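Protein sequences, first through last, are from chains D and F.
In terms of my numbering, the first sequence has 86 at position 86, counting the first letter as 1, and numbering is strictly consecutive.
In terms of my numbering, the second sequence has 1112 at position 112, counting the first letter as 1, and numbering is strictly consecutive.
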Amino acid sequence: AQSVAQPEDQVNVAEGNPLTVKCTYSVSGNPYLFWYVQYPNRGLQFLLKYITGDNLVKGSYGFEAEFNKSQTSFHLKKPSALVSDSALYFCAVRDTGSARQLTFGSGTQLTVLP
Amino acid sequence: SAVISQKPSRDICQRGTSLTIQCQVDSQVTMMFWYRQQPGQSLTLIATANQGSEATYESGFVIDKFPISRPNLTFSTLTVSNMSPEDSSIYLCSVAPRQGPNEQYFGPGTRLTVT
């Protein structure tokens, strides 16, 4: 079975400060991990993915994520938040040992305060 | 990436009726999927739309309620049949251009309200 947890429904951060959106996963094999962002009344936009290789993955709009196998985590980070980063963020996982497709987390609403 | 369009973008329907949602991609893709996002919820996969064969449904979703067509590699439809207010959701089409561990790209969604 595969699952993903986003423990925080809401994250608030001041503009210019670093941000972190947390994600932990559970798979029986090795994970493929993804982050997506959803702006109001729009579909999901792909931000970044981890397949294999370097644990630190860089993606769109200055976002990055760190894969930590021992902690089964894939937290999304950005060194300096912008008000325009305010959106709903979803983590997703796919088990390499499974025929199943992506499983999404419950989502984290990020609000960047000016 | 792929550019995906969906029609309609939103609709308000009466219970007991059916609505067909169209998904068009600007290039041929291997995999197409249909998701549901209920108000304030995450995404739930309804089914994988297979070209030339019956769709593969996830647990809890059945073909009679959500018939899917995929006549070619760039187009798919999802029908929500015999609708009830519980079907009020955003329905999202997504594609994976290639097999393997690749990201999916999502359409803008169809916001359905059933009264």
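We put the beta carbon where it would ideally sit given N, CA and C, even for glycine.
As the structure is a computational prediction, the values presented were derived from the model and not from experiment.
Item to check | Cutoff 6 Å; reference D/Leu102; Cβ partners in own chain excluding five residues on either side | outcome: Working through the first sequence from its first residue, we reach residue 102 of chain D at position 102. Hits under 6 Å: Ala92, Arg94.
Checklist entry - Shortest alpha-carbon distance to D/Ser70 belongs to which of D/Val13, D/Lys58, D/Val27? => result Taking the first residue of the first sequence as position 1, residue 70 of chain D is located at position 70. Comparing Cα positions, the closest option is D/Val27.
Checklist entry - What does F/Phe1033 reach in chain D if we use C-beta pairs closer than 8 Å? => result By 1-based counting over the second sequence, the position of residue 1033 of chain F is 33. Here the neighbours are Gln101.
Checklist entry - Mapping DSSP to helix, strand and coil, what is F/Pro1008? => result To locate residue 1008 of chain F, count along the second sequence from 1; it is residue 8. Note: F/Pro1008 maps to coil in three-state DSSP.
Next on the checklist: Three or more C-beta pairs under 8 Å: does that hold for the segment 1002–1012 of chain F against the segment 1084–1095 of chain F?
Outcome noted: yes
Checklist entry - Roughly how far, in whole angstroms, is the beta-carbon of D/Glu8 from the beta-carbon of D/Val112, given that I think they are within contact range, below 8 Å? => result The count along the first sequence starts at 1 and reaches residue 8 of chain D at position 8. The count along the first sequence starts at 1 and reaches residue 112 of chain D at position 112. Incorrect: roughly 15 Å between the Cβ atoms, too far for contact.
Item to check | D/Pro114 to D/Ser86 span [Cα, whole Å] | outcome: Translated into positions along the first sequence, residue 114 of chain D becomes position 114. Translated into positions along the first sequence, residue 86 of chain D becomes position 86. One C-alpha to the other measures close to 11 Å.
Item to check | Supposed contact pair D/Glu64 and D/Lys49 - C-beta distance, whole angstroms, cut 8 Å | outcome: Position 49 of the first sequence, counted from the first residue, corresponds to residue 49 of chain D. Position 64 of the first sequence, counted from the first residue, corresponds to residue 64 of chain D. No, D/Lys49 and D/Glu64 are not in contact; Cβ-Cβ is about 12 Å, not under 8 Å.
Checklist entry - Where does D/Ser84 fall in DSSP's three states? => result Locating residue 84 of chain D in the first sequence gives position 84, counting from the first residue. Reduced to three states, the DSSP call for D/Ser84 is helix.
Item to check | Contacts of F/Gly1060 in chain D (Cβ-Cβ under 9 Å) | outcome: Against the second sequence, residue 1060 of chain F aligns to sequence position 60. Those do not exist, as F/Gly1060 stays about 14 Å from chain D at its closest Cβ, beyond 9 Å.
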